[in-house]
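In my numbering, the protein residues as written are 220 to 641.
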Amino acid sequence: MLCVRRGHVPEFYRKILKNFDYVKLWGRNAKVFVSTEILFAIFVSWVELYKAIFMRSLGFNEIFIGFVLMLPLIPQTFLPILGGYLADRFGRKRVLMFFDSIGWIGSTAAWALAQEPIHVIVAALLQGLSTTIYGVWETLLVEDTQPHYRASIYSTIQTIYVFSGILTPGAGALVSLYGVELGSRYIFLAYLLALIGMFATRQVLLTESKIGILLSSKGTEKASMHGVSYVEVLKAITKHKKLLIVFALTTIGAIQYQMATIFKPLYLSDPRALALDESIISVVPMASSIPSLLALFFIIPRLNLERIRKALLFCYACGILGLVVLIIAPKGSLTLAILSAILDSARYIAVFCILRTLLVNTIDEANELLRAKVMSLIIAFPALVSWPMPMVGGYLYTSSPALPFIVTMLLLILSMYLIAFI
């Protein structure tokens, strides 16, 4: 009905409605993932915002906090490789649901009950179990959708995460009402209930992809592809210049994410930095969500391959400027904190939307049957390089709260240099 009456709506709304035309061209699994991702996105933004602050309320210092947040990255260095093999051998859906549900539900329950250092360590290690399926999740997400429409899938998922940022004041309200410790436990509990609902829905509605069926079926010619070694996959990556550069950009993106994202909530509320109240910092991601939503609705779905390079350069430049604003902002400056977040939101769009679209389409150029293993390597290798970064960031933060963000800016400059070779 909306499409029939499109001529009767203003141009502004017509452009928004056009974005939803892409949904009809997605595969079934993409529709299921996107429609249920909101249950994960809303509360994971709350959890990530207050997780470090929650640990500080339990009396842990920044170095230990960095150590705990580093732990999920250790299994991420090898479990995604196992996940890629298991997905080709036993099917994407089966492997996804097993590791995803155990990892996320178990870790969230542990966070909700955590009191002692060993409790948060267990929670972090359980979360690391879910890294087994990071590549599998992304493979199943796009595998039955034509490459031309995959950008709209990533932009829609990123839109969901950005929209969830608008709701982060709900987390701030819980912290304001109940204090940091109890308020954070309520956040973990709400997240746990949302996860159970999401996984139950996906178990019913997800189906195995066509390529997944071919690779996991015995006796077919293409089934032998699950026997391809990771050494051969690495050779395929190194021989494809564009894929190798995207591989490097993804690795750098993982490092700078660990540096900047983990310590930003601490920086906003630290007396040595901006010294904002813990309950008010939830306004910062909310404010940055509005321009991000506009970009995801009107710009990202229309990006073609020729414009992706320019878009990445622009987003990284905005990220650098945003971090500069954050560092030079005086204590108590909520306005500059919001401006910094608005500019820095372009960096997240680049890493989690534009770069991911470029990645999956470049894999198709190399060999689409190797997608699960390539995705697993592209998740495992950045984790191998970046797993010490939270702890390194903790030491840097202890020396000076601005240091993790200065390192992030240098990494963004390196990324801009590499983009010139795509």
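Glycine included, C-beta positions come from ideal geometry on N, C-alpha and C.
Just so we're clear, the structure is a prediction, and the values are computed from it rather than from any experiment.
Option nearest residue i by Cα separation, candidates the options
{"i": "Leu386", "options": "Phe279, Ser349, Ile509 and Thr296", "result": "Ile509"}
{"i": "Tyr486", "options": "Pro299, Leu290 and Gly612", "result": "Gly612"}
{"i": "Ala556", "options": "Ile261, Val502, Lys460 and Ile300", "result": "Val502"}
{"i": "Ile499", "options": "Lys454, Leu463 and Leu396", "result": "Leu396"}
{"i": "Ile481", "options": "Ser254, Val266, Thr255 and Pro601", "result": "Val266"}
{"i": "Ser428", "options": "Pro299, Thr296, Ala249 and Leu515", "result": "Ala249"}
{"i": "Tyr614", "options": "Thr255, Gly285, Val314 and Tyr368", "result": "Gly285"}
{"i": "Leu532", "options": "Tyr567, Asp319 and Met505", "result": "Tyr567"}
{"i": "Ile582", "options": "Asp489, Glu362 and Phe517", "result": "Glu362"}
{"i": "Ala621", "options": "Ala370, Lys483 and Ser605", "result": "Lys483"}
{"i": "Phe418", "options": "Phe273, Ile638 and Val253", "result": "Val253"}
{"i": "Lys592", "options": "Pro504, Asn280, Ile456 and Leu540", "result": "Ile456"}
{"i": "Cys537", "options": "Met594, Leu558, Arg521 and Ala548", "result": "Leu558"}
{"i": "Leu540", "options": "Trp330, Ala328, Leu562 and Gly246", "result": "Leu562"}
{"i": "Ala329", "options": "Leu345, Ile406 and Met316", "result": "Leu345"}
{"i": "Ile272", "options": "Ile598, Glu497 and Phe624", "result": "Glu497"}
{"i": "Cys528", "options": "Ala548, Phe466 and Ile573", "result": "Contrary to the premise, residue 528 reads as Arg rather than Cys in this sequence. Of the candidates Ala548, Phe466 and Ile573, the one whose C-alpha sits nearest the C-alpha of Arg528 is Ile573."}
{"i": "Gly322", "options": "Leu301, Tyr535, Asp307 and Thr351", "result": "Thr351"}
{"i": "Ile257", "options": "Arg521, Ile300 and Phe382", "result": "Phe382"}
{"i": "Asp489", "options": "Thr426, Arg275 and Leu463", "result": "Arg275"}
{"i": "Ala390", "options": "Ser619, Ser595, Lys270 and Leu603", "result": "Lys270"}
{"i": "Arg521", "options": "Ala342, Pro549, Ala370 and Ala548", "result": "Ala370"}
{"i": "Ser507", "options": "Thr576, Pro388, Leu577 and Glu281", "result": "Pro388"}
Where residue i falls, given that 16 or more other Cβ within 10 Å makes a residue buried
{"i": "Gly278", "result": "exposed"}
{"i": "Ser374", "result": "buried"}
{"i": "Glu335", "result": "exposed"}
{"i": "Arg526", "result": "exposed"}
{"i": "Ile632", "result": "exposed"}
{"i": "Ser719", "result": "No statement about residue 719 is possible, as the shown extent of the chain runs from 220 to 641 and does not include it."}
{"i": "Thr617", "result": "exposed"}
{"i": "Leu468", "result": "buried"}
{"i": "Arg491", "result": "exposed"}
{"i": "Tyr636", "result": "exposed"}
{"i": "Ser443", "result": "Any reading at Ser443 must be qualified, since the residue scores a pLDDT of 49, below 50, and its modelled position is unreliable; the value itself is stated next. Exposed, because fewer than 16 other Cβ atoms sit within 10 Å of the Cβ of Ser443."}
{"i": "Lys243", "result": "exposed"}
{"i": "Val626", "result": "buried"}
{"i": "Trp245", "result": "buried"}
{"i": "Leu332", "result": "exposed"}
{"i": "Ser349", "result": "buried"}
{"i": "Leu412", "result": "exposed"}
{"i": "Ser320", "result": "buried"}
{"i": "Glu584", "result": "exposed"}
{"i": "Phe466", "result": "buried"}
{"i": "Ile638", "result": "buried"}
Range covered by the alpha helix (DSSP H) that runs through residue i
{"i": "Tyr614", "result": "Met608 to Ser618"}
{"i": "Trp265", "result": "Arg247 to Ser276"}
{"i": "Pro504", "result": "Val502 to Phe517"}
{"i": "Pro336", "result": "Pro336 to Leu348"}
{"i": "Thr387", "result": "Note, Thr387: premise wrong, no alpha helix (DSSP H); not H, not E."}
{"i": "Lys243", "result": "Unbroken run through Lys243: none, as it is neither H nor E."}
{"i": "Pro490", "result": "Where Pro490 is concerned, there is no enclosing alpha helix (DSSP H), given that its DSSP letter is neither H nor E."}
{"i": "Ile284", "result": "Glu281 to Met289"}
{"i": "Ser326", "result": "Arg311 to Leu332"}
{"i": "Leu563", "result": "According to the sequence shown, residue 563 is Asp rather than Leu. Start and end: Leu553 to Ile568."}
{"i": "Glu584", "result": "Leu574 to Asn586"}
{"i": "Glu453", "result": "In the sequence under discussion, the amino acid at residue 453 is Leu, which differs from the Glu named in the question. Tyr449 to Lys458 is the extent of the alpha helix (DSSP H) around Leu453."}
{"i": "Phe624", "result": "Leu622 to Ile638"}
{"i": "Tyr353", "result": "Tyr353 to Val361"}
CB contact below 9 Å: residue i versus chain C
{"i": "Lys461", "result": "Of the chains in the structure shown, none is chain C; there is only one protein chain."}
For residue j and residue i, believed in contact at Cβ under 8 Å, the rounded distance
{"i": "Leu630", "j": "Gln475", "result": "4 Å"}
{"i": "Leu414", "j": "Val251", "result": "About 16 Å separates the two Cβ atoms, so there is no contact after all."}
{"i": "Ile340", "j": "Leu290", "result": "7 Å"}
{"i": "Val450", "j": "Leu589", "result": "At roughly 12 Å, the Cβ-Cβ gap does not stay under 8 Å, so Val450 and Leu589 are not in contact."}
{"i": "Ser264", "j": "Gly384", "result": "6 Å"}
{"i": "Gln422", "j": "Met608", "result": "In fact, because the Cβ distance is near 34 Å, the residues do not count as touching under 8 Å."}
{"i": "Met628", "j": "Leu542", "result": "5 Å"}
{"i": "Ser564", "j": "Ser511", "result": "4 Å"}
{"i": "Leu553", "j": "Leu495", "result": "6 Å"}
{"i": "Leu393", "j": "Tyr405", "result": "5 Å"}
{"i": "Tyr410", "j": "Thr327", "result": "5 Å"}
{"i": "Ile641", "j": "Lys461", "result": "6 Å"}
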